[in-house]
Amino acid sequence: MAIGKSMHIKVDEGDLINRHVHYSEAPFPDSDGKDAPPWDFKPVLAAPLHSREAYEAERDKIFRKRWINIAREWEVLEPGSYIIKNIHVLGASIIVTRGADGVIRCFHNVCPHRGNQLFDPNKRPCQGRVRTIMCAFHGWTFDLEGRCLKISDEGKFYDLNRDKISMMKIHTDTWKGQIFVNLSEQPTETLEEWLGDFGRELSHYDWGRFEVAAKWEAEVHVNYKVFIDAFQETYHVSFIHRSSFTGEVEEDTDPYFNLKYMRFFGPHKALAVPSRGSPETDVRQRVIKQDGENVRQGINLDGIEDWGFDIDVVFPNFFYNMLNNQYFTHNFWPVGPHKTHWECHLYLPRTDKASDLITREREKCLLRDAINEDLSTNEATQVSLNSGHIKYLHYSEQETSLRHHYYYMQQFTK
12 MAIGKSMHIK
22 VDEGDLINRH
32 VHYSEAPFPD
42 SDGKDAPPWD
52 FKPVLAAPLH
62 SREAYEAERD
72 KIFRKRWINI
82 AREWEVLEPG
92 SYIIKNIHVL
102 GASIIVTRGA
112 DGVIRCFHNV
122 CPHRGNQLFD
132 PNKRPCQGRV
142 RTIMCAFHGW
152 TFDLEGRCLK
162 ISDEGKFYDL
172 NRDKISMMKI
182 HTDTWKGQIF
192 VNLSEQPTET
202 LEEWLGDFGR
212 ELSHYDWGRF
222 EVAAKWEAEV
232 HVNYKVFIDA
242 FQETYHVSFI
252 HRSSFTGEVE
262 EDTDPYFNLK
272 YMRFFGPHKA
282 LAVPSRGSPE
292 TDVRQRVIKQ
302 DGENVRQGIN
312 LDGIEDWGFD
322 IDVVFPNFFY
332 NMLNNQYFTH
342 NFWPVGPHKT
352 HWECHLYLPR
362 TDKASDLITR
372 EREKCLLRDA
382 INEDLSTNEA
392 TQVSLNSGHI
402 KYLHYSEQET
412 SLRHHYYYMQ
422 QFTK
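Counting along the sequence shown from 1, when you hit position 115 you're at 126 in our numbering, and nothing is skipped either side.
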């Protein structure tokens with residue numbers, strides 16, 4: 012079942028945010044026939060932010076059953092190229108490869124003989140190019156489509172039919188340069204259906220004109236939902252980012268840096284961050300560009316005048332942050348109830364101009380410093396939550412996107 016189109020909900024015109032809040036028209040799969048609104052506005056239980064029970068439910072009922080972003084097409088650009096992705100929450104080591112036919116496929120990094128890893132990190136690099144895939148333990152060999160080509164000393168096996176043996180395939184699809192997998196035996200929807208109108212709205216963005224310019228990753232001692240919460244609201248900008256985003260906060264008219272709109276598409280969402288013309292914004296919006304042009308489609312869905320960028324969230328753990336002249340992504344991978352493996356990729360326009368290359372370096376530093384402020388804060392927050400003394404969280408209207416995330420967590424883990 013596809014996600015419905017977004018629709019406008021009429022509310023009090025004096026309400027700064029909710030005059031620009033949109034929800035999907037159709038119920039989403041597994042939501043008991045209910046769309047996200049109306050939510051209750053009571054305090055939210057804090058236990059799921061540190062409990063083992065919540066982590067295991069999310070692992071088994073969400074991460075192992077939904078479409079999850081694990082890699083990017085440029086990581087396996089040429090036929091024969093491969094990369095190994097070890098995803099703790101999926102309980103999987105995954106081979107991502109591009110076959111001789113140009114098709115991207117994913118397989119469990121497991122030999123069907125006795126379960127040895129086909130790409131053992133102690134014996135082979137975790138990325139490269141190959142013509143065939145051979146198990147280092149006993150030499151069983153497969154092609155890039157997963158078919159078994161050779162079984163060492165095949166004649167000594169009992170009733171073994173090589174034509175019926177293959178590498179273990181994982182349901183794989185791609186969207187705008189990103190590679191998604193679904194570990195279900197039979198997914199309940201396609202990737203296109205999973206993204207629905209959210210994917211159709213974003214698809215107009217000119218993804219092809221950007222290249223990866225920087226990458227950061229870290230093991231952060233924080234529950235991944237605490238981590239995500241800090242990246243899908245702007246309530247904190249006036250405080251934790253006051254020095255890194257000087258000039259963005261308007262003390263008189265909007266001292267708490269409200270989001271300009273929230274669009275909800277089933278479990279996914281698009282959030283608009285304002286822009287106030289600070290030096291940092293000037294760099295992002297006007298200097299980093301190609302041939303004087305900006306991307307205009309797939310972003311700023313409400314046509315907001317003082318729009319800065321969109322935070323686009325693919326449930327449950329993948330973020331696009333989309334600007335006119337760049338975008339960056341976040342993957343938040345649960346490693347346990349108190350730890351997250353975080354990855355960030357920054358994409359900037361292709362250029363060979365010296366001035367643009369210098370500007371790119373400045374932009375890397377701006378993003379790095381802002382994220383660093385969030386990382387240290389989140390780890391301190393997790394220490395408090397782990398104590399168990401905090402029973403409830405209190406969300407304001409500004410934090411509707413957080414409440415939305417928990418709503419779908421509850422729906423999918425029933």
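Ideal placement from N, C-alpha and C gives every residue a C-beta, glycine not left out.
Nonlocal neighbours in the same chain, by C-beta distance under 6 angstroms from residue i, ignoring five residues either side
i    : result
S195 : K76
P123 : I176
N193 : W78 and H182
P198 : H182
I401 : A57
W227 : C355
I162 : W151 and R173
S92  : R109 and R140
Inter-residue Cα distance where the pair is residue i and residue j
i    : j    : result
I369 : V223 : 15 angstroms
G166 : F153 : 18 angstroms
Y406 : I382 : 22 angstroms
R70  : N328 : 12 angstroms
F268 : E244 : 10 angstroms
A391 : Y235 : 14 angstroms
A229 : C355 : 9 angstroms
V100 : G347 : 8 angstroms
G44  : F326 : In this prediction, G44 has a pLDDT of 45, which is less than 50 and means its spatial position is unreliable; what the coordinates show is noted afterwards. So the alpha carbons of these two residues sit roughly 19 angstroms apart.
N335 : G314 : 13 angstroms
M145 : W151 : 6 angstroms
E67  : G102 : 11 angstroms
S62  : T411 : 23 angstroms
Y169 : D131 : 27 angstroms
T143 : L155 : 6 angstroms
D265 : H415 : 23 angstroms
E408 : W85  : 39 angstroms
DSSP state of residue i mapped onto helix, strand, coil
i    : result
H349 : coil
V324 : strand
D46  : Residue confidence is low: D46 scores 48 on pLDDT, short of 50, so the model does not pin down where it sits. Its coordinate-derived value is still stated next. Looking at D46 - three-state DSSP - the assignment turns out to be coil, as it is neither helix nor strand.
L60  : helix
R220 : helix
K167 : helix
H99  : helix
H31  : helix
W85  : helix
I401 : coil
Y406 : coil
Start and end residues, alpha helix (DSSP H) containing residue i
i    : result
G207 : L202 to L213
T411 : T411 to F423
S249 : V248 to I251
Run of the beta strand (DSSP E) containing residue i, from where it starts to where it stops
i    : result
I369 : From DSSP, I369 is part of no beta strand (DSSP E) but of the alpha helix (DSSP H) over A365 to N397.
T185 : K180 to W186
K239 : Note on residue identity: the sequence assigns Ile, not Lys, to residue 239. Note, I239: premise wrong, no beta strand (DSSP E); alpha helix (DSSP H) at Y235 to A241.
T108 : A103 to R109
R135 : Element bounds for R135: n/a, residue is neither H nor E.
C159 : C159 to K161
K280 : H279 to P285
F118 : I115 to H119
Q477 : Missing from the structure shown is residue 477; the chain here goes from 12 to 425 and no further.
F275 : Y272 to F276
F330 : F329 to M333
Proximity below 8 angstroms, CB of residue i to CB of residue j
i    : j    : result
F320 : M333 : yes
P90  : L404 : no
G207 : M178 : no
W318 : S286 : yes
I94  : V114 : no
T351 : V233 : yes
R83  : G188 : yes
W186 : L202 : yes
G309 : Y418 : no
I73  : I105 : no
R373 : L312 : no
R109 : V141 : no
Contact set for residue i: own chain, Cβ-Cβ below 7 angstroms, skip 5 residues either direction
i    : result
Y358 : F221, E222, V223, A224, Q337, Y338 and F339
D112 : none
Contacting residues, own chain, Cβ-Cβ under 8 angstroms from residue i (five flanking each side not counted)
i    : result
I251 : E384, D385 and T388
D323 : F209, L213, H279, K280, A281, L282, F330, Y331, N332 and M333
S135 : Note that residue 135 is Arg in the sequence shown here, rather than Ser. For R135, where only same-chain residues beyond five positions count, the Cβ hits under 8 angstroms are A147.
R371 : A224, I299, L359 and T362
K375 : A224, A225 and L357
H341 : F242, F329, F330, N332, W353, E354 and C355
V237 : L60, N389, T392, Q393 and L396
Contact with chain D by residue i, beta-carbon distance below 8 angstroms
i   : result
A57 : The question asks about chain D, but that chain is absent: this structure has only one protein chain.
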